[in-house]
Every structure is written in C-alpha cells, then in structure tokens.
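As given, the protein sequences belong to chains A and B, one line each in that order. Residues in the first sequence are numbered consecutively from 1, following the working numbering. Residues in the second sequence are numbered consecutively from 468, following the working numbering. Each residue gets a CB set at the ideal place from its N, CA and C atoms; glycine is no exception. To keep things clear, I will list the structure first and then write my remarks on it.
2 protein chains.
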Amino acid sequence: MELNDLKVAYPIFIGFFLWLLGPPNGLEHDAFLMFIIFISTIGSLLLRVVPMAMSVLIGLSFSIVIDLIPLKDALKGFGDSTTWLVVIAFLIAGVIMETGLGRRLSLMCIDMLGRSIMGLGYAICASELILGPLVPSNTARGGGIIAPIVDSMSRALGSEPERSPKSAGEYLHLVGAHANLITAAMFLTGMAANPLIARAAQDVFQVDFDWSTWALGGIVPGLVGLAGLPIIMMYLSPPTIHSIDPVRKRISLDIADLGPWTWQERYMVLILGSMLLLWSTKAIHGWGTTTVALLGLVLILVFKVASWDQLVKNHKAWDTLIWLGGLLTLATAIKDLGFISWFSDHVDQGLEGLAPFGLLIILALIYFYSMYLFSMLTAHIAALAGAIFVVASDTNLDPYLIIGVIAYSSSLCGCLTNYSTGPIIIYFGNGYSNPKTWFKIGLLISFYHLTIWFVVGSLWWKFIGWW
Amino acid sequence: MELNDLKVAYPIFIGFFLWLLGPPNGLEHDAFLMFIIFISTIGSLLLRVVPMAMSVLIGLSFSIVIDLIPLKDALKGFGDSTTWLVVIAFLIAGVIMETGLGRRLSLMCIDMLGRSIMGLGYAICASELILGPLVPSNTARGGGIIAPIVDSMSRALGSEPERSPKSAGEYLHLVGAHANLITAAMFLTGMAANPLIARAAQDVFQVDFDWSTWALGGIVPGLVGLAGLPIIMMYLSPPTIHSIDPVRKRISLDIADLGPWTWQERYMVLILGSMLLLWSTKAIHGWGTTTVALLGLVLILVFKVASWDQLVKNHKAWDTLIWLGGLLTLATAIKDLGFISWFSDHVDQGLEGLAPFGLLIILALIYFYSMYLFSMLTAHIAALAGAIFVVASDTNLDPYLIIGVIAYSSSLCGCLTNYSTGPIIIYFGNGYSNPKTWFKIGLLISFYHLTIWFVVGSLWWKFIGWW
C-alpha cells in the first residue's frame, strides 16, 4: 500500500464523513448525496492522484448505481454541444501541432517582433494571441508549442536554469506563462474548461454566451493586458542581457529547418481562417460555435490535411470527452436535484442589503483569490462558477456583465500559483524561477489583471451595452 | 485524381441525382432530403473508400448545415446509452486482448477439446462462445484473437494456403468464420452494430430488447447452430488429415509460453464474470446493460487491471463512438422527419392480404438475402432493420418475435459472401478457399441457419412466450 493508494481514498473518506453528518436543514436528501459525490469528485481532481477521467467516471457511475441520476441523463453530457466543441477543437488543435503550423507561426512572430528582449516578450504574446482562439487546450498551446521555444530562446541567450536564469530566461518564461492565461481568458476556445462556464451561463441565465460574445467582451481588456505584460514584467523580473543576436540566429536556423510551407499548412490556414470568420459572424449565418468547428473538422478530412486515422489517435481529445462530458453531467445534476438553489437561498440571506455592484465585486474577488486553494483551473471552474452565477442572478445586474466577470477571471486567476494549470506547471517546471518569486510576481500580476479588467473592462462592457 | 478520389464522389452523385428527381408523391421535402443524405452515407459506407466515421461525420454535418437536424439533436447519438454500451465494451475488449486473456481462453479450449480435427472445430466454436458476449467487435474477436490461432493450427497440420489448403485449413477456417457469425448473432454485445437493432426496436415497438432478452432468445438456436457447425462442415469441406498431434504439441508450447495466470487475468475473469451475472439478472437489481458495462470499466480502473492511459489509447472505441453515434442520429432523423412512416404506408398497401406470419417470413428472407448487395453487416443493419420493423409493426405479431427474427438474422446473413464483415474478410483473406467455394458453402450454410432458427428458434420462442 503506497502513499498514493491512501491519497486515492481521501475523497471517499471526505464523502463518507459528510454522509455521516447528514444533510443540513432544508436540503433534500438526494440533493445532499449529489453534493457529496460532486465534492468528492472535485476533491479527487485536486489531488491529481488518478486521471481526471477516472475520477469523473467513478463519480458518475456511483450516481447511476445509487439511482441519483438515471442512465439516460448521465450520458447526456457526452452528447452536449459544449463538450463536442472542445473535443472537436482538440482534434483540430492536434492537426495544427502535427502539421507544424503552430510552431511555424510562433517562430514567425519571433522573427518579426523579436528585435530586443522586450520584443521577444511581445513575440510570445503575439504567438499566444494567434493560437489562443484555435488551440483550446492552454496546456497544448503554452506547454506544448510555445514553452519549448521560450526555453530554447533562453538557452540561446546563455540563460539556463543552472546558469544565470535571471539574465533572460525568467523574464521570458514569466511573460509566456502569464500571456497564456490572458489568451485562455479571451476566447471560449482558449481553454478546455471555458465551455463549462458558457454552459452554466445557459443554465442559470438562459444566455447564449457564444464564441463571438465571449471574444467581443474579452478582446479590448485582453489586448491591453497583453500589450502591457512585456513592459510590466521588465520591472518585476528585469533581464540583464543586452544583445539578443544569438536568438535571432537560432530562430533563422529554425525557420530554415522548417523549409517552405507545405500544402497541408496552407490549407490549414485557410480552414482556420474560415472558422474564425464564421465564429465571428454567427449573426449572419446562424451556425453555432460547435457547428462551425464540426465543419472545420470535416474540411480537414475532405481536403486530406489529416486522415481520420491520425485524428482518432489524438487521445487527449477522447480523454477530454470523458472528463468534460462527465463533469458537465455532475454539474447539471447538482443543479437539477436542488442543491444550488438551496445554497443560493442561504447565501442570499447573508448578502441582503449589499448593492448589486458591490456584491459582484465581492463575488469576483472571492472567486479570483479562492484559486489559491485549488490545484487546477478546471476544478475551480467546475466547483464555483455555477454557484456564483446563481448567487449573482438575484441581483438586477445584466447577466452578460456577471458572466463576463466570472468567465474572464476563470483563467486569469491562474496567475496566483505555480500549480494552477498545465502550462504554468510546465513554465515553472523549466526551472528559471524559485517558488517564492513566482508567488510574489503572481500576486502582483493579479493586481495588474484586476485593474485592467475592472477599469478598461468595465468601460468596454459599458460601451458594448453589457450594463 | 485517382480512381479512389472518383469513387468518393459516387455517393454525392447519387444524392444529387435523387435530389434532381424530387420527392415522390406524399413525401415531404425535408423527409426526402434526409433520405438522400442517409442513402448517400450508407452508400459511402458500402464503397469503403473513406473511413466509416468520416462518411458519417460528413452526412451529419451536412444535415446540420442545411438545418435538417438541429445541432442539439445531431449530437444526441453521442450521448446515447446504446452507443456507450458499445464504446465501453470496446474498451473492455481491449483489456481482454491486452492482458492476453482472450488468447489464453482460446488456447485452453483447444487444449481441452481438440482431440481430433472435428474437436478442433468444436474448440473454435467454444472459444467464440466464451468470448462472444464479451468482445463486442466481432472483427476483434474473430479476426484479432481467433483467426491467427486458426491459421497457426492449420500450418502446424501442414495445411497452408499454397500447399494442401483443403487438408485441414479450409475446414478450420470455415468453422471459425461461421462460428463467429453465430456468436455475433447470439449476444447484444456480440457485434458492434447489434445495439442499432435494439435501439430501432425501442423506437418502433417501445420494447427494451436488452442484453438478457437478446441472449435468452438466441441461446438455444445459437447453441444448436454451434453444435452442428463442425459436423456439417465435415461434409461441406471434408478435411483429409488424420492425426492432429502436431497441433497438440504446438498448443502445449503456446500455453507454456503464456506462463502462469497473471493477477490482471484473474481479476479480469472475476470482473467479466460479474458483468455476465449482472447482465443476466437485470430483473433483480434493475441496472441496465450499459450501467453494468460502465461498472465493469470502473472496476477495471479501480483494481488497476488497466490504466486510463491504456484505455484512452484504444482508438477503435472512439472510432466506433463517432460512426455508431452519428449513424444512430441519422437513423433517428430519417424516422423523425417522416420518411419511415411514408415508406411503411406505401409498402403496407402492397402487402395487404398477406397473413402476418407469411409477411414476417417474407420480410426475413428479403432481409437475409439482400445481404448479397451489401458489403458490410453494419450498413445492412442501419439501412434496413428499422424499416422492416416499421413494416412488420402493422401486424398483430408479438414484437419480440419480429425483433428476434431480424436481430438474429442480422449477423447470420453475413455467411453469404466473402466480404460481409471484418472477420469474414480476414478468414477468407488467409487464403485457404477460393471465392467460388466460399460462396457455395455460404449459401448452403444460410439454409442451415434458416432451418435451425426457423424450426428450433420458433419452438424456443413459443416456449419463452414470444408468440
């Protein structure tokens, strides 16, 4: 019996303990059981001892076996359009990586913008901005495509984890990590769990917070945030090198290595461009976000940019199908069985008398800084976003404002720790910063985000009519 | 432009041609369009030029884009319990293969039963019977596990495709191929497309033709068919060798090679045994077929017989999710949009005056022998099973009888050709028979099947109260 085996059992102990306590006043037994299963599943996600899909499958099948969720409903999350948006986007992102297009676009950004160390920072931000809407796994985008390039740039500048990490590497890694979170916040397809928020918005407010709505609300504060990041980071982690010539040589070599554009890359640019166009113009043609993604996938197959055999082996997509679809079902069940409304009633009593805006700001801050307690953005979203929507829904605030505040905070709050999400773990893991620096700068960056999104964001949201 | 590229376009030409013709009298435009998409998709499956999942995805996205199926409904097939039964069963079957348990069980059957050439035939039938309910891809079971053993037995007996194929190899291969179809017919989980039939039964008759019902109706005629197969094949393709000692030596060596049972194999036997028990005792606990399969999967994960990482890489399961889920949606849509009832009305007019039993027999024979025109059991089921149910539903016959006749015929009719389904293609492809022999014996075996299932079957079904 190893320690890990014991840790596996923690969520079961917690669930059992809660069950012994019995439901609090006014909460129905079924709703209480569903809450226990949900909390235990989220707890298991946070422990990261078993794969996410396994935690979710266990929670799901337990709910089915004790008759809390009928099988028919339990599988609904696997046929949900938000789930399939992410699955299809993962499949497409796999093609972006396999064709080498992602790497080529990043290298091109660096070649064009990287004339100074700060220019390299801007190049990283630009790469994130281009890939942000298209690679829905922020881990694949930041950790898989961009972080390796950032690491190799640092090394080319003579800055290595063991040898003068602060001369350039720390700066570049911090810019990369935090830029990743900003683009994850900006686009519905910027982060795998974002559709959970859109789905909760649909459930609570009956609002279709679709791709173009999400992007519209996020584009201005997001761009301001990205534009300022390389500058503010010059103060928070000042690099000491002056010449970046070694990087420029290295990048030129890397681009030469890639050779001329392949036809697959050209077709991908066309297909991805069409998808972005269609996503932004839903008002004209009426095709939803998932429909457009499906079309993109079919075009990739029809034009043979990738074969079905290649796509079906992208097991990250199927892994996501299971955990996301299952988590969606659990989140729906906890609402349908009445836990969320019970919770909301109780919280409302405590919050009476607060001005709506004051309430929203308090909720946003609680949501943002509670991320210190979570080891995973996805679990944080799954556990809290829906509940906060319900609490805020009793105000007379425009739902778009409430959804936007929570939607954008959901990824931005990952700045706080070095374990919040895959790419952060990878950027930090490259070894250029110590934890203390990472936490300190993370806290300062959280003020930076909150200032931009509360000030620039609220002005922009006023302008587009969200309040 | 290769020939295959041209063949890809055939279904589009057919669809376009039908569209030019316009809908026949009394058929609504939407129903007609849906029919065209469905027929083109089935046509594309039959051509086997592109992967099944790709054909289905194209048909599905076309239906969404032209607004025939709303996106919400279009994804329902991916959250359907029949689809997930098959997906989970594929995942479990992958573990049966990876742990080596499937091979071990087959070898043990041969070791125990294989005392003569006919005994080897019985050993093959016994292997199929044991693995039939558990390995839902008849291709994985017949083609992946058993056919390689059959081939190696034949070679051990000195019977090779190039050298005296008829001395033993043809006999063993024919027994293997036709035994595979019988076990595919006997169990809901014996063949990947069987749940399509159960689903159609639910749609047309509101009858839950679940795992135990399916197995109950099929067990007696199925066992009779398996018991007679090695004997009748002695006449249809008489082997000439007398001693099978070389095989016995070979099998002993193979079993010795496997070594002692691993704990994974032991756990798998326990888990699979529990699943079979729970599947057969639904009346007591009320858990459906899919719930039990999900439980089995979770137990495999919890007891670490396989890791989630291994399971998620079983891309055959995800491939099946896409084609089966999509096909289910298309089949539902063609019914919901009114094509099936229009078709049924027209056929009914032509069939008036026929006695119900006569009608059922005619329908069964049409269904069975129309397999000559299909290159794939799945496409045959998807195209015809639902329509036949609808036509037969106007009689006063017990729905269980109608469903049973079609359900069991669906795999048995694969006996007719050498291209009907994966394992047949593989057994034939091993090269021990020429096509003419295969077709001739296939036709004779079809008489064998029809006699058993019409005579023994109908007596048995009378006994269990199906008519």
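Measure the C-alpha to C-alpha separation of residue i and residue j and round it to an integer number of angstroms.
i: B:Trp928; j: B:Gly726; result: 44 Å
i: B:Leu836; j: B:Ile708; result: The amino acid at residue 836 of chain B is misidentified as Leu; the sequence shows Tyr. Spanning the two alpha carbons is a distance of roughly 34 Å.
i: B:Leu840; j: A:Arg48; result: 53 Å
i: B:Lys539; j: A:Met275; result: 20 Å
i: A:Pro11; j: A:Leu45; result: 9 Å
i: A:Asn418; j: A:Phe439; result: 7 Å
i: B:Glu732; j: B:Glu565; result: 10 Å
i: A:Ile130; j: A:Leu105; result: 8 Å
i: B:Cys576; j: A:Leu75; result: 38 Å
i: A:Val224; j: A:Ser164; result: 31 Å
i: A:Ser344; j: A:Trp308; result: 46 Å
i: A:Phe463; j: A:Gly217; result: 10 Å
i: A:Thr289; j: A:Gly273; result: 14 Å
i: A:Ser458; j: A:Ile219; result: 13 Å
i: A:Ser116; j: A:Ala156; result: 14 Å
i: B:Ile649; j: B:Ala660; result: 15 Å
i: B:Ile555; j: A:Ser243; result: 57 Å
i: B:Gly493; j: B:Gly805; result: 11 Å
Could you work out which residues of chain B lie near residue i, taking near to mean beta carbons separated by less than 7 Å?
i: A:Asp319; result: Val779
i: A:Ser61; result: Leu761, Leu762, Val765
If you drop the 5 nearest sequence neighbours on each side, which residues of the same chain put their C-beta closer than 7 Å to that of residue i?
i: B:Phe557; result: Pro603, Ser604, Asn781, Lys783, Ala784, Thr787
i: A:Lys335; result: Asp203, Gly386
i: A:Phe62; result: Ile37
i: B:Val475; result: Val516, Val517
i: B:Ile563; result: Gly569, Leu601, Val602, Met735
i: B:Ser522; result: Thr508, Ser511, Leu512
i: B:Phe545; result: Leu788, Gly792
i: B:Ile869; result: Leu827, Phe856, Ala859
Looking at the structure shown, is residue i part of a helix, part of a strand, or coil, going by DSSP?
i: B:Arg582; result: coil
i: A:Arg163; result: strand
i: A:Met1; result: Low local confidence applies: a pLDDT of 42 at A:Met1 is under 50, so the model's placement there is unreliable, and no value is given.
i: B:Thr549; result: helix
i: B:Trp905; result: helix
i: B:Leu542; result: coil
i: A:Glu471; result: Given that chain A is displayed from residue 1 to residue 467, the structure contains no residue 471 of chain A and the question cannot be resolved.
i: A:Gly414; result: helix
i: B:Asp865; result: coil
i: B:Asn492; result: coil
i: A:Pro148; result: helix
i: B:Trp934; result: coil
i: B:Ser530; result: helix
i: A:Tyr419; result: coil
i: A:Val135; result: coil
i: A:Leu68; result: coil
i: B:Ser876; result: helix
i: B:Pro706; result: coil
Residues of chain A with CB closer than 8 Å to the CB of residue i, please, in chain order.
i: B:Val532; result: Trp287, Thr291, Leu295
i: B:Trp551; result: Leu75, Phe78
i: B:Pro662; result: Within 8 Å Cβ-Cβ: nothing; B:Pro662 doesn't reach chain A, min ~13 Å.
For residue i and chain E, any beta-carbon pair shorter than 8 Å?
i: A:Phe209; result: No chain E appears in the structure shown, which is made up of the protein chains A and B.
For residue i, go through chain B and note every residue whose CB falls closer than 8 Å to its CB, in chain order.
i: A:Gly79; result: Leu542, Lys543, Gly544, Phe545, Gly546, Asp547, Gly792
i: A:Lys72; result: Ser548
Can you give me the Cβ contacts of residue i inside the same chain, cut-off strictly under 8 Å, excluding the 5 residues immediately before and after it?
i: B:Leu524; result: Ile789, Gly793
i: B:Ala682; result: Pro600, Met653, Phe654, Leu655, Trp746, Ser747
i: B:Glu627; result: Ser621, Gly636
Interface residues of chain A around residue i at Cβ under 7 Å?
i: B:Ala476; result: Within 7 Å Cβ-Cβ: nothing; B:Ala476 doesn't reach chain A, min ~11 Å.
i: B:Met521; result: Leu301, Trp308
For residue i, I'd like the list of residues in its chain whose CB is within less than 6 Å of its CB, leaving aside the five on either flank, ordered along the chain.
i: B:Gly588; result: Val642, Pro697
i: B:Met468; result: Any reading at B:Met468 is ruled out, since the residue's pLDDT is 43, under 50, leaving its predicted position unreliable.
Can you name the residues of chain B whose CB is closer than 9 Å to the CB of residue i?
i: A:Val347; result: Chain B residues near A:Val347: none, gap ~32 Å exceeds 9 Å.
i: A:His178; result: Correct list: empty, because the minimum Cβ distance to chain B is about 30 Å.
What does residue i touch in chain A if you count any residue whose Cβ is under 9 Å from its own?
i: B:Leu524; result: Leu294, Leu297, Val298, Leu301, Trp308
>> Threshold first: 4 residues or longer. Then list the alpha helix (DSSP H) segments lying entirely within the stretch 624 to 685 of chain B, N to C.
In response: 636 to 653, 661 to 672
> Which runs of the alpha helix (DSSP H), 4 residues or longer, sit entirely within the stretch 766 to 851 of chain B?
Replying inline: 775 to 779, 782 to 803, 806 to 818, 823 to 836
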